[in-house]
Ligand code: F6P
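Residue numbers (this note's numbering): 1 to 405.
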């Protein structure tokens with residue numbers, strides 16, 4: 001009998017808790033696995049020996065169903081960069097001590113490309129010191145920027161939220177007779193996947209978003225103003241989707257960085273709003289979708305949530321088969337009917353790398369998305385979850401604050 005541990009890391013999504021349910025549900029089926037420990041605040045919980053026995057928290061099927069529909073990370077999260085073990089061996093010793101003390105034979109880390117660096121480093125360290133603990137990465141990120149995997153859990157739900165909100169903004173913006181421009185800022189860091197996914201509205205016959213700017217194309221303010229003026233000559237209400245990660249002049253963003261050196265990106269929408277007001281002088285608004293696009297479980301994609309659970313469960317089977325230093329990935333077999341298989345890849349190929357929007361998805365003017373790319377996005381946003389509500393709003397599963405501190 002062995003125990004396992006699971007942790008959640010990086011920015012929230014609608015699907016990280018579903019992957020936790022996947023790991024937990026699968027572990028319950030396996031007689032060799034006894035306790036399932038949840039590490040509080042990602043790898044920090046393993047370093048500080050701050051673990052909870054998940055069986056004491058998730059006590060029924062109803063709990064699991066509620067957790068599946070709860071956004072963000074029930075165990076807390078971190079943006080912790082694990083140092084190299086030669087530089088700070090004491091951190092690794094603490095990790096090894098926690099794992100040994102709790103008789104943990106496998107560790108599952110649900111996270112993005114930075115977290116997969118932890119998976120990679122730990123699996124190499126354990127091999128070096130001869131500690132038999134399997135380390136498996138379960139992908140997640142709304143940015144959809146992990147290499148090898150077709151897509152990442154969390155992305156589909158975020159894309160569904162972005163497209164739905166954009167659709168509602170479109171309805172709202174066309175009511176008056178005066179011309180207007182609405183700039184919608186979308187997350188995604190250096191990759192334009194989420195911003196590009198707003199183009200699914202075109203599949204419904206909408207002309208909006210009329211302009212889409214992604215970080216994969218270099219941005220010019222002059223070109224932007226020309227594009228906006230051109231669209232204003234055709235449409236009364238112009239809707240612009242802009243990625244938070246496009247190049248902006250110094251001073252637009254705060255300049256603050258996280259532990260991985262990633263800049264906090266925010267403010268491009270407001271900046272473009274001001275530019276349009278000054279240079280074009282029409283009615284203009286900017287909308288930053290901000291953290292709502294990561295945690296809008298009321299609009300979660302069933303496909304996304306089901307896949308997130310399935311890939312968590314597959315991670316457990318992967319560890320049981322004796323593998324370590326792997327990240328679970330989706331390989332798409334077909335767009336229609338949508339078919340994916342779950343496989344694993346070496347964490348070293350995924351850690352710290354970024355996968356960008358393919359150039360072929362972007363139109364020749366660099367300001368919109370080609371129609372054929374919608375075949376990639378559409379399957380990921382399909383289906384709705386059976387939302388459990390309380391007092392008229394979606395109910396969430398939460399663990400007591402005192403456990404998290
Ligand atoms: O996790 C990815 C992401 O959501 C990016 O899209 C965004 O730029 C970043 O996280 C925000 O980071 P934080 O959660 O630290 O504010």
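C-beta atoms are modelled at their ideal positions from N, C-alpha and C, and glycine is treated no differently.
Asked: Residue 277 versus residue 396: straight-line alpha-carbon distance, rounded; Found: 41 Å
Asked: Spatially closest choice to residue 351 from 322, 203 and 138, by CA coordinates; Found: 138
Asked: Cβ-based burial, residue 8 [other Cβ within 10 Å; buried from 16]; Found: buried
Asked: Whole runs of the beta strand (DSSP E) within the segment 94-153, excluding any shorter than 3 residues; Found: 104-111 and 134-139
Asked: beta-carbon residue 374 near the ligand F6P non-hydrogen atom, thresh 6 Å; Found: no
Asked: The segment 160-170 touching the segment 355-368, judged by at least three CB pairs closer than 8 Å; Found: no
Asked: Beta-carbon gap between residue 327 and residue 347 smaller than 7 Å; Found: yes
Asked: Buried/exposed call for residue 217, threshold 16 Cβ in 10 Å; Found: buried
Asked: Buried or exposed by the 16-neighbour rule on C-beta atoms within 10 Å, applied to residue 406; Found: An answer regarding residue 406 cannot be provided, because it is not within the stretch 1 to 405 covered by the chain.
Asked: Assumed close pair residue 195, residue 241 - CB separation to whole angstroms, cut-off 8 Å; Found: 5 Å
Asked: Per-residue DSSP class, three states only, for residue 80; Found: coil
Asked: Continuous beta strand (DSSP E) stretch holding residue 3: start and end; Found: 2-8
Asked: Candidates 234, 229, 115 and 237, of which the one nearest residue 80 by Cα; Found: 115
Asked: Beta strand (DSSP E) segment containing residue 236, residue limits; Found: No beta strand (DSSP E) holds residue 236; DSSP gives it neither H nor E.
Asked: Three-state secondary structure assigned by DSSP to residue 38; Found: strand
Asked: Residue 149 burial status per 10 Å Cβ neighbour count (16 or more: buried); Found: buried
Asked: For residue 379, three-class secondary structure by DSSP; Found: helix
Asked: Beta-carbon contacts of residue 144 that lie in its chain and below 7 Å, excluding the five residues immediately before and after; Found: 151, 152, 155, 191, 193 and 194
Asked: Three or more C-beta pairs below 8 Å linking the segment 95-102 and the segment 286-293; Found: no
Asked: Residue 211 (DSSP reduced to helix, strand or coil); Found: strand
Asked: Collapsed DSSP secondary structure at residue 177 in the structure displayed; Found: coil
Asked: Limits of the unbroken alpha helix (DSSP H) element including residue 365; Found: Here residue 365 belongs to no alpha helix (DSSP H), and DSSP marks it neither H nor E.
Asked: Proximity of residue 105 and residue 313 at Cβ, strictly below 7 Å; Found: no
Asked: Residue 187: CB within 6 Å of a non-hydrogen atom of the ligand F6P; Found: yes
Asked: Beta-ladder partner(s) of residue 51, from DSSP; Found: 39
Asked: Backbone CA spacing between residue 358 and residue 400 [nearest angstrom]; Found: 43 Å
Asked: Buried or exposed by the 16-neighbour rule on C-beta atoms within 10 Å, applied to residue 84; Found: exposed
Asked: Residue 195 CB to nearest heavy atom of the ligand F6P below 6 Å; Found: no
Asked: Segment contact, 8 Å Cβ cut-off, at least three pairs: the segment 244-263 with the segment 197-217; Found: yes
Asked: Any non-hydrogen atom of the ligand F6P within 6 Å of residue 143 CB; Found: yes
Asked: Sequence ranges, beta strand (DSSP E) only - wholly within the segment 232-309, length at least 3; Found: 237-243 and 283-288
Asked: Residue 345 - partner residues in DSSP beta bridges; Found: 327
Asked: Residue 261 beta carbon near the ligand MG (any heavy atom closer than 6 Å); Found: Among the ligands in the structure shown, the ligand MG does not appear; only the ligand F6P can be found there.
Asked: 7 Å Cβ cutoff met for residue 4 and residue 33; Found: yes
Asked: When 177, 238, 197 and 226 are compared against residue 170, the one with the closest alpha-carbon; Found: 238
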